[in-house]
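Residues in the sequence shown are numbered consecutively from 9, following the working numbering.
Glycine included, C-beta positions come from ideal geometry on N, C-alpha and C.
The next block holds one structure in the form of structure tokens; read it before the comments.
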Amino acid sequence: MQKHTLGLIAGGTGLAVVGGGVLAVVLLTGSGGVDAALEVLPADTTNLTYVDRDGFAERAGVDDIGHDASEKDLDRYFEATRDSAAATPLSRYLVPMKDAAINEFDVDWYVVGRNNDDGYGNVYRLDDDVDFGDLGDDLEDAGYDKDEVSGHPRYTADMAVVDTATGMIGGRYPQDLRDVTLLEDEHLMVATGSPEEFIEVIDGDADSLSDSDDVADLLDQADSPEFAEISVGDGVRCGPGLGRNLPPEQLEQAARESGTDGLGHPEATGIFVVADGDDATAVSALVFGSGEDAEDDADARKDWLEHGTDPFSLRPNTDYFDLDSVSADGSVVVVEGDYENGAATAVQMAAQGSGPGACSG
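Right, here's the structure in full:
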């Protein structure tokens with residue numbers, strides 16, 4: 009079993025803000041990692057998922073795999089992603105996208121931002137050697153129509169050119185990329201049916217999520233994550249009902265039976281995967297409103313982790329990991345333990361409202 013540390017936090021120091029005018033410089037002189045990803049998301053984003061694909065590939069020893077990948081190479085790549093959860097949506101299409109101008113192996117980092125009112129948008133930071141002229145030409149050759157949004161080329165594919173059997177466009181682009189806008193200077197590809205809000209942020213004409221103190225507090229616990237899933241404000245979801253359509257009375261019963269009804273309700277949550285040598289470790293984080301709330305949660309969380317049950321499966325928490333310690337230092341609560349099946353297990357558990365980062369609904 010691998011050793012993993014999970015930090016559950018409340019409060020903290022702020023993240024340095026990179027102004028919109030500086031974003032292009034950051035991206036041109038380096039990918040910028042998660043800090044640059046925050047700069048492309050609108051300030052009202054409530055949920056985000058971030059993947060440092062290049063960082064993961066280097067750590068996992070699969071950065072030698074490219075467009076000419078063999079079947080054995082692809083198996084090796086997929087096996088590595090299963091251990092860390094660090095894969096973009098394009099990983100599902102590696103075989104049909106083998107002859108496309110770009111695919112999963114050309115992605116530096118990826119982020120998808122969502123909010124409760126206006127849907128979502130996917131942003132891919134492509135590697136420095138990607139030729140955006142060639143990419144645009146290939147999109148048109150595949151059947152896309154070229155237009156423009158805020159001075160940036162936008163490519164859209166009508167449903168008439170989508171293969172009904174495979175769901176692919178021109179045999180090599182998935183419907184996930186049916187509407188893309190290219191920003192060559194920043195090496196970004198924005199995939200969404202409503203790119204205007206994202207373009208405004210990237211061009212420095214609107215505020216970004218980098219101004220969020222809660223997000224900064226969460227990221228303070230994870231050094232250069234290769235995977236991050238963050239929820240803030242109205243985007244925070246707690247309780248055993250995640251992923252299940254159960255009536256309220258059954259959800260309340262599951263919370264009582266598992267013990268999660270005694271945990272605190274955070275203002276923001278995060279689950280991260282970070283490098284730990286050649287392996288990966290998971291970091292889970294919660295932001296509370298005060299140090300007192302964090303102390304109360306730490307006490308309840310320690311008892312629940314030792315004696316409670318998983319709110320999704322109702323199996324003992326100890327079936328999934330061995331707890332080392334739970335401690336509170338001011339507004340920071342830290343949980344240390346060993347995951348039975350590594351970092352990917354932590355991500356899966358968080359997605360269903362369980363694991364050390366579970367919270368009260």
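| Query | Result |
| --- | --- |
| Once DSSP output is grouped into helix, strand and coil, what is the label at E344? | strand |
| R162 and P97: beta carbons closer than 8 angstroms? | no |
| Helix, strand or coil: which one does DSSP assign to D286? | coil |
| Let me confirm a value: H195 is counted as buried when at least 16 other C-beta atoms fall within 10 Å, else exposed. Which label applies? | buried |
| Please give the ranges of any alpha helix (DSSP H) in the segment 191-241, keeping only runs that are unbroken, at least 4 residues long and fully inside the region. | 204-210, 221-227 |
| Within the chosen definition, does the segment 117-134 reach the segment 77-90 through at least 3 CB pairs nearer than 8 angstroms? | no |
| Just the C-alpha distance for A306 and G278, rounded to the nearest angstrom, thanks. | 16 angstroms |
| List the endpoints of the continuous beta strand (DSSP E) containing V119. | 115-123 |
| Drop a sphere of 10 angstroms on the beta-carbon of S239, count the other beta-carbons inside from all chains shown, and report buried for 16 or more, exposed for fewer. | buried |
| Would DSSP call G175 helix, strand or coil? | coil |
| Can we count L259 as close to the ligand MN, meaning its CB is less than 7 angstroms from some heavy atom? | For the structure depicted, the ligand MN is absent and the ligand set is empty, with no information on it obtainable. |
| For R186 versus A165, is the C-beta spacing smaller than 8 angstroms? | yes |
| I want to know whether the segment 317-337 touches the segment 289-297 - three or more CB-CB distances under 8 angstroms. | no |
| Is it true that the CB of L46 sits closer than 8 angstroms to the CB of S232? | no |
| Just mark V70 as buried or exposed, buried being the case when its beta carbon has 16 or more other beta carbons within 10 Å. | buried |
| If you draw a straight line from the alpha carbon of G144 to that of G316, how long is it in whole angstroms? | 54 angstroms |
| Using DSSP's beta-bridge definition, name the partner residues of K310. | None, per the DSSP bridge assignment. |
| Please work out which residues of its chain come closer than 8 angstroms, Cβ to Cβ, to V170, disregarding the five sequence neighbours upstream and downstream, and give them in chain order. | M176, I177, Q183, R186 |
| Check for me: the beta strand (DSSP E) holding R162 runs from which residue to which? | 160-164 |
| Applying the 10 Å Cβ sphere with the 16-neighbour rule, what's the burial state of E205? | buried |
| When the Cα atoms are used, what is the spatial distance from I73 to G299? | 46 angstroms |
| Going straight from the alpha carbon of Y128 to that of P50, what length do you get? | 10 angstroms |
| When we look at the beta-carbon of V198 and count the other beta-carbons within 10 Å, is it buried (16 or more) or exposed? | buried |
| Taking 8 angstroms as the threshold (C-beta atoms), are V340 and P364 in contact? | no |
| Please state whether the Cβ-Cβ distance between A93 and V281 is less than 8 angstroms. | yes |
| If you draw a straight line from the C-alpha of L102 to the C-alpha of A173, how long is it? | 17 angstroms |
| Take L190 and list the residues in its own chain whose beta-carbon comes closer than 7 angstroms to its own, dropping the five residues that flank it on each side. | F140, L143, G144, H160, P161, M197 |
| Roughly how many angstroms lie between the CA atoms of T3 and E156, to the nearest whole one? | Residue 3 falls outside the range modelled here, since the chain spans only 9 to 369, and no answer is possible. |
| Drop a sphere of 10 angstroms on the beta-carbon of S218, count the other beta-carbons inside from all chains shown, and report buried for 16 or more, exposed for fewer. | buried |
| So what's Y328 in DSSP terms, helix, strand or just coil? | coil |
| Hey, N124 and D242: beta-carbon distance below 8 angstroms or not? | yes |
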